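Residue numbers (UniProt numbering): 1 to 314.
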């Protein structure tokens, strides 16, 4: 048999120690000496974005889990359905303490012109709460008051024409802080504007009362504000305009609330007390109200603004 070709030996004794053949590809060294840093490798941008997105999703899931855990604890707690009226006693506010300069913040600063609140009301259903609030505002601000009669009304009782009393001190218009004009007019519900040119009218006795009371600058938390609004709506729509059954239910609720506090909401007079007291006067059920409601009504009537309205009802 003949030899076809010769193959050169790959290993030779003459190779120096540590020398490797170059005929095959090299592999990276997986072993490195302790303390040496790993070689820097390029990171795929798409992989890096995917990792960042995963971290963000995990973070949001953790926050959602914490929120759900908190809600579950509140639901499982026996005190979860506590009476919110118990926490408003610690709500610190001074609803009837302010100064005249605050009107610029609440109504906007208007140089050279007196801010005017103009209210249209029907004399057949006089808005007593607005008259009470007018008296309260007169204790805080210099108010230029006026009463007029619209041509749509044939006659107005004398006591309503003088519902603001006689303004004995006549001063220049610019020395007053607020103008308060009441126009007896044939309208279905009270309407108010304080910026005649630019403002849409505020309608409804309860809404106007809220606005006027806000001029005192009260500071309430969310719970207290919600309770006040609820009582105002209840007084207007159920106590004043509702059926006898609805009135009875409201009086029972008022009696329970006034058994815990001197006023309907918290420890200070609020617009809820003003509107509810006036609603009771409209219904003619003041004398048959429960004991706590009777006591509360006397507390209201001991204040001058309420007693002045009492004179109009005689």
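Here a beta-carbon is modelled for each residue, glycine too, at the ideal position from N, C-alpha and C.
Please read these numbers as outputs of a predicted model, since none were measured by experiment.
Tell me where the alpha helix (DSSP H) around residue i begins and ends.
i	result
residue 277	271 to 283
residue 225	222 to 234
residue 246	244 to 258
residue 309	304 to 313
residue 158	158 to 161
Taking residue i as the reference, which of the options has the closest Cα?
i	options	result
residue 142	192, 122, 173, 302	173
residue 291	221, 312, 275, 260	260
residue 254	241, 277, 242, 67	277
residue 314	209, 159, 235	159
residue 240	222, 7, 283	283
residue 226	190, 200, 266, 246	266
residue 152	125, 186, 124, 138	186
residue 175	207, 164, 190, 144	144
residue 269	154, 192, 228	228
residue 288	310, 247, 193, 305	247
residue 304	49, 58, 137	137
residue 128	154, 281, 285, 301	281
residue 124	130, 170, 157, 133	157
residue 166	8, 6, 7, 308	308
residue 139	162, 177, 126, 154	177
residue 279	126, 67, 57	126
Between which two residues does the beta strand (DSSP E) harbouring residue i extend?
i	result
residue 193	191 to 193
residue 128	Unbroken run through residue 128 is the alpha helix (DSSP H), 128 to 138; no beta strand (DSSP E).
residue 145	143 to 149
Where DSSP assigns a beta bridge to residue i, which residues make up the other side?
i	result
residue 116	179
residue 296	According to DSSP, which records beta bridges pairwise, residue 296 is partnered with nothing at all.
residue 121	184
residue 203	191
Is residue i near the ligand PLP - that is, is its Cβ less than 7 Å away from at least one heavy atom of it?
i	result
residue 46	No copy of the ligand PLP occurs in the structure displayed, which carries no ligand at all.
Cβ pair count under 8 Å reaching 3, the segment 262 to 274 against the segment 213 to 220
Yes: the two stretches touch, three or more of their Cβ pairs being nearer than 8 Å.
Quick test of the definition: if touching needs 3 or more C-beta pairs under 8 Å, does the segment 118 to 127 touch the segment 174 to 190?
Touching, yes.
Three or more C-beta pairs below 8 Å linking the segment 144 to 157 and the segment 288 to 305:
Short answer: they don't touch.
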